[in-house]
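**Student:**
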């Protein structure tokens with residue numbers, strides 16, 4: 001058994017000052033950070049802290065007893081699991097069953113045998129470590145399933161789903177939703193002349209610039225090879241055109257270094273707002289955004305157009 | 001159960017519990033003295049008011065503290081107070097409190113004896 005348990009915060013909820021003091025000293029010696037509570041209310045408050053993943057709860061406490069706290073913590077949707085060990089003078093099997101059924105992971109009869117307590121806390125620690133590993137793997141899998149590996153933008157599946165969900169929300173709250181479809185100008189030429197690694201660098205840098213230039217609740221996705229999509233909740237047509245134009249100017253002013261050379265890159269964009277479609281759906285928004293984007297391409301690239309197409313809107317912007 | 005006889009404290013066991021730290025054991029005994037003073041007065045009041053729930057809870061708490069310090073006779077008397085509370089036996093509670101106080105005096109004598 002290792003001499004020290006890796007540092008963790010542990011809640012000790014115990015109204016008996018002697019028991020509490022002994023536990024505090026022992027647990028500190030084993031490397032724990034201690035949080036003390038003298039009653040059920042204090043225990044409940046301490047358990048709201050996300051770093052409290054281990055708890056020693058006395059069965060009998062004022063305000064709320066150990067099993068009651070167990071029940072409550074299991075009913076709440078705390079993000080991470082809390083391993084709970086009940087301390088009790090009750091050694092009847094019906095008491096033990098009641099404690100475990102209330103949600104305790106383990107129990108110990110008082111006065112506590114400390115070697116046993118240490119071993120049991122190590123079991124708790126292992127379960128928490130296992131959960132942490134699972135959550136990390138889950139987060140990594142979610143990242144893989146929803147993000148584009150190169151640009152770290154949202155992938156096509158996710159961004160389309162987000163657009164659909166936000167359209168439903170926009171309809172419910174009677175708020176506008178906008179979309180920018182954008183496509184890098186002459187990107188194939190960059191790949192052909194400078195190589196695919198240079199093309200990748202350009203995409204990554206453009207993704208960074210866009211990410212820094214939108215609001216925190218906007219989402220950017222990689223729709224195709226060099227085609228990107230920005231979904232902007234609660235944003236009307238006037239605002240989306242201003243945002244797209246600002247992003248266009250920032251990107252056009254950037255010198256992206258790849259293979260020791262500076263590359264200037266621009267994009268063409270098409271904007272659409274849900275208020276300008278009769279029955280907006282995700283597909284219709286994308287179609288309309290594409291139309292506006294092709295208008296920008298046809299008019300000479302490096303510009304922003306909006307749907308519905310108005311000839312005066314597709315003006316060339318100079319950088 | 002007789003009031004006298006038997007060692008009031010299993011000191012070796014108590015010291016083992018605190019890894020042989022005499023100073024820490026003394027700190028715990030001081031805490032116990034404070035607990036004793038507060039809870040025996042509360043127990044007296046609970047018996048006077050025939051508050052059996054309080055009798056049971058105070059008995060339970062004193063039983064736990066006594067067990068932690070390896071005080072078997074005090075633990076027994078506290079257990080009897082808890083049981084009296086459960087059984088709503090006022091005479092039993094009164095008798096157990098008298099015995100608890102007697103055992104505490106014996107503990108003090110034991111600790112003060114060089």
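Protein chains in written order, with the working numbering: chain A, 1 to 319; chain B, 1 to 114.
Where is the CB? At the ideal position from N, CA and C, for every residue including glycine.
Closer than 7 Å between beta carbons: that is the criterion. Which residues of the region 30-60 of chain A meet it against chain B?
**Tutor:** Here the close residues are 60.
**Student:** For residue 221 of chain A, which of helix, strand or coil comes out of DSSP?
**Tutor:** For the purposes of this step, residue 221 of chain A is taken as residue 221 along the first chain, with counting starting at 1. It is a strand residue.
**Student:** Thinking residue 77 of chain B and residue 52 of chain B are a contact (beta carbons under 8 Å), I'd like their distance in whole angstroms, please.
**Tutor:** Taking the second chain and counting its residues from 1, the one referred to as residue 77 of chain B is at position 77. Taking the second chain and counting its residues from 1, the one referred to as residue 52 of chain B is at position 52. The Cβ separation is near 17 Å, so there is no contact.
**Student:** Could you tell me whether any Cβ in chain A is nearer than 7 Å to the Cβ of residue 59 of chain B?
**Tutor:** Here the question's residue 59 of chain B lines up with position 59 in the second chain. Judged by the 7 Å Cβ criterion, residue 59 of chain B is not in contact with chain A.
**Student:** Can you pull the chain A neighbours of residue 68 of chain B, defined as C-beta to C-beta under 8 Å?
**Tutor:** If you number the second chain from 1, residue 68 of chain B lands on position 68. Simply 16, 18, 19, 22, 110, 111.
**Student:** Measure the beta-carbon distance from residue 247 of chain A to residue 213 of chain A and round it to whole angstroms, keeping in mind my assumption that it falls under 8 Å.
**Tutor:** Counted from its first residue, the first chain places residue 247 of chain A at position 247. Counted from its first residue, the first chain places residue 213 of chain A at position 213. With a Cβ gap of about 5 Å, residue 247 of chain A and residue 213 of chain A count as contacting.
**Student:** Pick out whichever of A:265, A:17, A:80, A:281 has its Cα sitting closest to the Cα of residue 272 of chain A.
**Tutor:** Here residue 272 of chain A is taken as the residue at index 272 of the first chain, counted from 1. If we check each option's Cα against that of residue 272 of chain A, A:281 comes out closest.
**Student:** Is any beta-carbon of chain A found at less than 7 Å from that of residue 104 of chain B?
**Tutor:** As a position in the second chain, residue 104 of chain B is number 104, starting the count at 1. By this cut-off, residue 104 of chain B is not an interface position.
**Student:** Restricting to runs no shorter than 4 residues, where is the alpha helix (DSSP H) found entirely within the region 147-217 of chain A?
**Tutor:** Fully enclosed alpha helix (DSSP H) runs of 4 or longer: 156-173, 187-194, 196-213.
**Student:** Could you round the C-beta distance between residue 54 of chain A and residue 121 of chain A to whole angstroms and report it? I think they count as a contact, below 8 Å.
**Tutor:** Locating residue 54 of chain A in the first chain gives position 54, counting from the first residue. Locating residue 121 of chain A in the first chain gives position 121, counting from the first residue. Yes, residue 54 of chain A and residue 121 of chain A are in contact; Cβ-Cβ is about 7 Å, under 8 Å.
**Student:** Using 7 Å as the threshold, is the C-beta distance between residue 10 of chain B and residue 70 of chain B below it?
**Tutor:** Within the second chain, residue 10 of chain B is the residue found at index 10, counting from 1. Within the second chain, residue 70 of chain B is the residue found at index 70, counting from 1. Yes; because the gap between Cβ atoms is below 7 Å, this pair is in contact.
**Student:** I think residue 106 of chain A touches residue 85 of chain A, with their Cβ atoms under 8 Å apart; what is that distance to the nearest whole Å?
**Tutor:** Within the first chain, numbered from 1, the residue matching residue 106 of chain A stands at position 106. Within the first chain, numbered from 1, the residue matching residue 85 of chain A stands at position 85. With 8 Å as the limit, residue 106 of chain A and residue 85 of chain A qualify as a contact, their Cβ atoms being about 5 Å apart.
**Student:** DSSP state of residue 9 of chain B, grouped into three classes?
**Tutor:** Locating residue 9 of chain B in the second chain gives position 9, where the first residue counts as 1. Coil at residue 9 of chain B, not helix or strand.
**Student:** Of all the options A:240, A:123, A:161, A:276, which has the alpha carbon lying nearest to the alpha carbon of residue 221 of chain A?
**Tutor:** Position 221 of the first chain, counted from the first residue, corresponds to residue 221 of chain A. It is A:161.
**Student:** What would DSSP say about residue 2 of chain B, mapped onto helix, strand or coil?
**Tutor:** The sequence position of residue 2 of chain B within the second chain is 2, counting from 1. Since pLDDT at residue 2 of chain B reaches only 41, below the 50 mark, its modelled position is unreliable, and no value is offered.
**Student:** Residue 147 of chain A versus chain B: which residues are under 9 Å apart at the beta carbon?
**Tutor:** Looking up residue 147 of chain A in the first chain gives position 147. Correct list: empty, because the minimum Cβ distance to chain B is about 52 Å.
**Student:** Rounding to the nearest angstrom, what Cα-Cα distance links residue 37 of chain B and residue 28 of chain B in this structure?
**Tutor:** Here residue 37 of chain B is taken as the residue at index 37 of the second chain, counted from 1. Here residue 28 of chain B is taken as the residue at index 28 of the second chain, counted from 1. Their backbone Cα atoms lie some 14 Å apart in a straight line.
**Student:** Please identify the residue among B:23, B:104, B:84, B:12 whose C-alpha is closest to the C-alpha of residue 40 of chain B.
**Tutor:** Numbered from 1 along the second chain, position 40 holds the residue referred to as residue 40 of chain B. Of the listed residues, the one whose Cα sits closest to residue 40 of chain B is B:104.
**Student:** Under the three-state reduction of DSSP, which class applies to residue 274 of chain A: helix, strand or coil?
**Tutor:** The count along the first chain starts at 1 and reaches residue 274 of chain A at position 274. Reduced to three states, the DSSP call for residue 274 of chain A is helix.
**Student:** Using a Cβ cut-off of 7 Å, which residues of the region 24-40 of chain B contact any Cβ in chain A, in chain order?
**Tutor:** Those would be 24, 28, 31, 32, 35, in chain order.
**Student:** Per DSSP, what kind of secondary structure is residue 285 of chain A in: helix, strand or coil?
**Tutor:** On the first chain, residue 285 of chain A is found 285 positions in, with the first residue counted as 1. Three-state result, residue 285 of chain A: helix.
**Student:** Just to confirm, is the Cβ distance from residue 241 of chain A to residue 306 of chain A under 7 Å?
**Tutor:** Taking the first chain and counting its residues from 1, the one referred to as residue 241 of chain A is at position 241. Taking the first chain and counting its residues from 1, the one referred to as residue 306 of chain A is at position 306. Contact: yes.
**Student:** Considering only C-alpha positions, which residue in the set B:43, B:20, B:17 is nearest to residue 94 of chain B?
**Tutor:** The sequence position of residue 94 of chain B within the second chain is 94, counting from 1. Per the Cα distances, B:43.
**Student:** Quickly, what does DSSP pair residue 22 of chain B with across the bridge? List them, please.
**Tutor:** Taking the first residue of the second chain as position 1, residue 22 of chain B is located at position 22. Answer is none; residue 22 of chain B lacks a bridge partner.
**Student:** Check for me: the beta strand (DSSP E) holding residue 11 of chain A runs from which residue to which?
**Tutor:** Reading the first chain from its first residue, position 11 is the one you call residue 11 of chain A. Counting along the chain, the beta strand (DSSP E) containing residue 11 of chain A begins and ends at 9-13.
**Student:** What are the residues of the region 64-96 of chain A that lie near chain B, defined by any Cβ-Cβ distance shorter than 7 Å?
**Tutor:** Listed by position along the chain: 89.
**Student:** Just tell me which of A:32, A:68, A:296, A:210 has its CA closest to the CA of residue 39 of chain A.
**Tutor:** Position 39 of the first chain, counted from the start, is the residue given in the question as residue 39 of chain A. The residue with the shortest Cα to Cα distance from residue 39 of chain A is A:68.
**Student:** For residue 6 of chain B and chain A, any beta-carbon pair shorter than 7 Å?
**Tutor:** Working through the second chain from its first residue, we reach residue 6 of chain B at position 6. Cβ-Cβ to chain A under 7 Å: no for residue 6 of chain B.
**Student:** Excluding the 5 residues preceding and the 5 following residue 4 of chain A in the sequence, name in chain order all residues of the same chain whose CB lies nearer than 7 Å to its CB.
**Tutor:** In the first chain, residue 4 of chain A corresponds to position 4, counting from 1. Caution is warranted here: a pLDDT of 49 is assigned to residue 4 of chain A, below 50, making its placement in the model unreliable, and the coordinate value is therefore given only provisionally. Closer than 7 Å at Cβ, skipping near neighbours: 30, 31.
**Student:** For residue 162 of chain B, which three-state DSSP category applies?
**Tutor:** A query on residue 162 of chain B cannot be resolved here, the shown segment of chain B reaching from 1 to 114 and no further.
**Student:** For the alpha helix (DSSP H) that residue 26 of chain A lies in, which residues bound it at each end?
**Tutor:** In the first chain, residue 26 of chain A corresponds to position 26, counting from 1. 17-29 is the span of the alpha helix (DSSP H), which, as asked, contains residue 26 of chain A.
**Student:** Please state whether DSSP places residue 67 of chain A in a helix, a strand or coil.
**Tutor:** Mapped onto the first chain, residue 67 of chain A falls at position 67. Helix.
**Student:** Can you give the Cα-Cα distance for residue 74 of chain A and residue 44 of chain A, rounded to whole angstroms?
**Tutor:** Against the first chain, residue 74 of chain A aligns to sequence position 74. Against the first chain, residue 44 of chain A aligns to sequence position 44. The straight-line gap from Cα to Cα measures roughly 12 Å.
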